[in-house]
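Engineer:
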Ligand code: RUQ
Ligand code: CUA
Ligand code: CA
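Residue numbers (our numbering): 5 to 646.
And the structure:
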């Protein structure tokens with residue numbers, strides 16, 4: 005799909021040949037995907053329109069010398085591996101994976117009692133879910149920048165939101181949203197809409213993509229016109245669901261304003277279609293805005309209903325009920341058909357919706373949306389200050405803090421750099437305004453994009469990462485399953501410069517990149533964080549209460565506090581292990597053969613497992629995590645008497 009494009013100015017105005025996909029949308033998408041099976045494009049990095057050779061400083065930036073540390077953290081969603089990943093940037097090295105929604109063998113996530121309590125269990129104690137699909141991750145704010153407290157991530161399959169503590173890099177809470185399916189877009193607020201003293205995150209907004217019968221308990225199955233989708237607010241601290249908004253159409257991605265007053269979701273299915281051809285029947289869809297202060301007033305005033313067995317207040321955000329701007333809770337700004345992505349510019353002025361099926365980006369001015377709510381502007385669509393052609397299949401947008409936006413073009417396999425002010429001038433009638441600044445080929449079919457600090461007021465325009473959905477020929481072949489290709493681009497100059505390819509295991513979606521000094525990670529736990537902590541090895545031992553047996557053990561390299569312990573066949577054993585080593589990087593493991601037990605304990609961490617001792621015999625419990633020259637000798641004997 006890539007072709008030589010020399011003249012940017014012609015490009016800016018001359019997309020005529022490939023005008024609106026509109027009716028050809030489906031064909032366009034099909035072509036785009038088919039292109040992934042085309043013969044490999046031959047010239048790799050230099051085939052982009054930014055053909056300039058990487059600047060020396062730039063190309064070396066991704067190759068850190070041994071011992072050198074990265075300058076940025078990246079938080080990546082893992083996709084249907086259900087995890088969150090931590091990368092160092094600009095090197096692109098993966099440093100850590102944080103299990104959230106699905107079990108993880110390394111740390112024993114989903115096996116220990118503590119992780120099961122976070123993940124949620126059925127009455128029989130087994131995990132409620134073992135699959136997940138994480139798409140979007142965003143972190144908590146203060147003063148318009150990250151404050152290093154939390155990150156949140158969604159699970160689209162089971163409509164769950166997980167919170168990760170950014171001091172220990174662990175998932176500490178998971179909440180399942182009621183009344184929705186296909187929870188996709190997620191974004192924390194950046195301030196309170198009313199109280200200026202609360203200039204930090206206290207809410208997280210969650211958009212549901214699929215419409216379902218409400219309540220979804222077997223009724224209205226054959227009445228798709230009754231299916232509805234909701235927008236949900238979760239409390240950032242308690243992780244309880246605060247309220248939901250019943251809407252027309254669906255939610256895709258989510259964005260929030262810096263003043264806390266507005267949240268929005270792009271909608272590709274205002275048609276409420278059940279089949280995809282129905283979802284494309286309308287020429288324009290919407291970017292749906294939520295007036296947070298008014299929604300919370302309505303909840304306070306008792307103007308809500310509830311659905312089924314859920315007690316969560318549901319307010320009415322449908323079109324018909326929100327026609328009067330002065331009382332409206334919601335506002336549906338129209339955007340070209342089937343948009344994707346909605347991103348807040350770091351100057352706090354605009355939300356930008358990418359066109360997906362339309363080759364355009366739509367720039368919506370937030371102060372004008374507020375004017376509409378205040379009754380000062382009659383035509384809501386006047387909030388659209390630009391709608392300009394940028395290329396085929398626009399999906400997501402990042403920013404450099406210098407007025408430029410960077411949008412992924414899925415079908416063109418490109419990133420387009422465009423100037424927001426110039427686009428606004430062009431839209432206002434100045435046809436000499438050259439808003440397209442640069443284009444760069446990426447490899448291949450990019451989805452998400454983000455720049456360093458892009459989602460904050462401190463966007464610094466240094467690095468751009470692009471999540472390419474297809475890697476085709478970019479890595480050594482490893483059978484049918486290809487990795488994805490995360491590409492790093494230098495955006496510090498006028499031209500984008502491709503710096504590096506990184507294979508990633510499927511299937512990262514969204515990510516954020518921010519300066520490393522915004523986080524203050526702790527590398528040793530506080531022993532008091534754990535109610536079951538065994539603070540003195542002398543407390544170790546076996547206590548019995550009928551058939552329930554508690555085994556307390558501590559670890560200090562290279563030994564466990566008990567050389568052996570004895571239980572009886574049929575006992576319900578709860579084994580508690582505290583790692584009393586307080587040295588950084590001194591982690592131990594604890595495995596019990598034939599009992600399907602293995603987990604790790606980090607410095608001063610306590611974990612527990614519960615199992616039935618159903619097989620008599622001798623079982624050598626051993627340390628699985630290399631900790632000491634005598635690591636192999638670090639064992640204890642579990643004796644199960646017949
Ligand atoms: S969506 S490729 Cu799940 Cu993030 Cu846009
Ligand atoms: Cu303890 Cu290896
Ligand atoms: Ca549509």
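Glycine included, every Cβ here is placed at the ideal spot set by N, Cα and C.
According to DSSP, is residue 468 helix, strand or coil?
Structural biologist: Three-state result, residue 468: strand.
Engineer: Does residue 334 get closer than 7 Å to chain B when you measure Cβ to Cβ?
Structural biologist: Structure shown: chain B not included; a single protein chain is present.
Engineer: Heavy atom of ligand 3 less than 6 Å from the Cβ of residue 270, yes or no?
Structural biologist: Residue 270: no, Cβ never under 6 Å from ligand 3.
Engineer: State the DSSP-derived secondary structure class of residue 556, mapped to helix, strand or coil.
Structural biologist: In this structure, residue 556 counts as strand in the three-state DSSP scheme.
Engineer: Below 7 Å CB to CB, which residues in the same chain sit around residue 645 once its five sequence neighbours on both sides are set aside?
Structural biologist: So the qualifying residues of the chain are 570, 572, 573 and 620.
Engineer: When the distance is taken between beta carbons, is residue 410 closer than 7 Å to residue 468?
Structural biologist: For residue 468 and residue 410, yes; Cβs fall inside 7 Å.
Engineer: Using a 10 Å radius around the Cβ and a threshold of 16 neighbouring Cβ atoms, would you call residue 473 buried or exposed?
Structural biologist: Answer is buried; the Cβ neighbour count reaches 16.
Engineer: Check for me: the beta strand (DSSP E) holding residue 592 runs from which residue to which?
Structural biologist: Unbroken beta strand (DSSP E) run through residue 592: 592–596.
Engineer: Have a look at residue 614 and residue 125 and give me their C-alpha separation to the nearest angstrom.
Structural biologist: Distance between the alpha carbons of residue 614 and residue 125 is about 14 Å.
Engineer: Can residue 631 be considered in contact with ligand 2, in the sense that its beta carbon sits closer than 6 Å to one or more heavy atoms?
Structural biologist: Within the cutoff, so yes.
Engineer: For the stretch 92–111 against the stretch 150–168, do three or more pairs of beta-carbon atoms, one drawn from each stretch, fall closer than 8 Å, so that the two count as touching?
Structural biologist: Yes, they touch.
Engineer: Taking residue 384 as the reference, which of 170, 128 and 326 has the closest Cα?
Structural biologist: When only C-alpha atoms are compared, the closest one is 326.
Engineer: When the Cα atoms are used, what is the spatial distance from residue 424 to residue 347?
Structural biologist: In a straight line, the C-alpha of residue 424 is about 13 Å away from that of residue 347.
Engineer: Among 173, 373, 65 and 75, which has the Cα closest to the Cα of residue 87?
Structural biologist: Among 173, 373, 65 and 75, the Cα nearest to that of residue 87 is on 173.
Engineer: So residue 273 packs on residue 295, CB below 8 Å; how close in whole Å?
Structural biologist: So it is not a contact: roughly 22 Å between Cβ atoms.
Engineer: For ligand 1, any of its heavy atoms closer than 6 Å to the Cβ of residue 505?
Structural biologist: Residue 505 Cβ: outside cutoff for every heavy atom of ligand 1.
Engineer: Consult DSSP for residue 1 and reduce its assignment to one of helix, strand or coil.
Structural biologist: With the chain running from 5 to 646 in the structure shown, residue 1 is simply not present.
Engineer: Look at the Cβ atom of residue 465, then the Cβ atom of residue 428, and state whether they are nearer than 7 Å.
Structural biologist: Contact flag unset, no.
Engineer: Is any heavy atom of ligand 3 found at a distance shorter than 6 Å from the C-beta of residue 120?
Structural biologist: For ligand 3, not one heavy atom lies less than 6 Å from the Cβ of residue 120.
Engineer: Is residue 76 buried or exposed, if buried means 16 or more other CB atoms sit within 10 Å of its CB?
Structural biologist: Buried, by the Cβ-count rule.
Engineer: Output the distance between the C-alpha atoms of residue 635 and residue 611, rounded to the nearest integer angstrom.
Structural biologist: Using only the alpha carbons, I get a separation of about 20 Å.
Engineer: When the Cβ atoms of the stretch 506–520 are set against those of the stretch 548–561, are three or more pairs found closer than 8 Å?
Structural biologist: Counting Cβ pairs under 8 Å, fewer than three are found: no touch.
Engineer: To which residues of the same chain is residue 488 closer than 7 Å at the C-beta, ignoring the five residues directly before and after it?
Structural biologist: Only 471, 472, 473, 475, 508, 510, 511 and 512 meet the Cβ criterion.
Engineer: Flag this pair as touching only if the stretch 537–544 and the stretch 555–567 have three or more C-beta atom pairs under 8 Å; answer yes or no.
Structural biologist: At 8 Å Cβ cutoff, the stretches touch.
Engineer: If you pair each beta-carbon of the stretch 372–379 with each one of the stretch 438–450, do three or more pairs fall below 8 Å?
Structural biologist: Flag = no, the stretch 372–379 and the stretch 438–450 do not touch.
Engineer: Could you check where the alpha helix (DSSP H) with residue 281 kicks off and where it finishes?
Structural biologist: It spans 280–283 - the alpha helix (DSSP H) in which residue 281 sits, taken as one unbroken run.
Engineer: Between residue 295 and ligand 3, is there a pair consisting of the residue's CB and a ligand heavy atom that are separated by less than 6 Å?
Structural biologist: Because no heavy atom of ligand 3 lies under 6 Å away, the Cβ of residue 295 does not count as near it: no.
Engineer: In chain order, what are the residue ranges of uninterrupted beta strand (DSSP E) at least 3 long that sit wholly in the stretch 229–263?
Structural biologist: You should have 233–239, 245–251 and 258–260.
Engineer: For my contact list, residue 601 and residue 131 are in at a C-beta cut-off of 8 Å; report their separation, rounded to the angstrom.
Structural biologist: In fact, because the Cβ distance is near 15 Å, the residues do not count as touching under 8 Å.
Engineer: Look at the alpha carbon of residue 109 and the alpha carbon of residue 484, and state the distance between them as a whole number of angstroms.
Structural biologist: The alpha-carbon atoms of residue 109 and residue 484 are separated by roughly 25 Å.
Engineer: Using a Cβ-based criterion (distance less than 6 Å to any ligand heavy atom), does residue 362 qualify as near ligand 3?
Structural biologist: No, the beta carbon of residue 362 sits no closer than 6 Å to any heavy atom of ligand 3.
Engineer: Give me the Cα-Cα distance between residue 279 and residue 285, rounded to the nearest whole angstrom.
Structural biologist: For residue 279 and residue 285, the distance between alpha carbons rounds to 11 Å.
Engineer: Look up residue 631 in the DSSP assignment and say whether it is helix, strand or coil.
Structural biologist: Residue 631: coil per DSSP, three-state reduction.
Engineer: For residue 560 versus residue 530, is the C-beta distance shorter than 7 Å?
Structural biologist: For residue 560 and residue 530, no; Cβs fall outside 7 Å.
Engineer: What I want to know is whether the C-beta of residue 286 ends up closer than 6 Å to one or more non-hydrogen atoms of ligand 3.
Structural biologist: Yes.
Engineer: Between the C-alpha atoms of residue 647 and residue 616, what's the straight-line distance to the nearest angstrom?
Structural biologist: Absent from the model: residue 647. The displayed extent of the chain is 5 to 646, so no value can be given.
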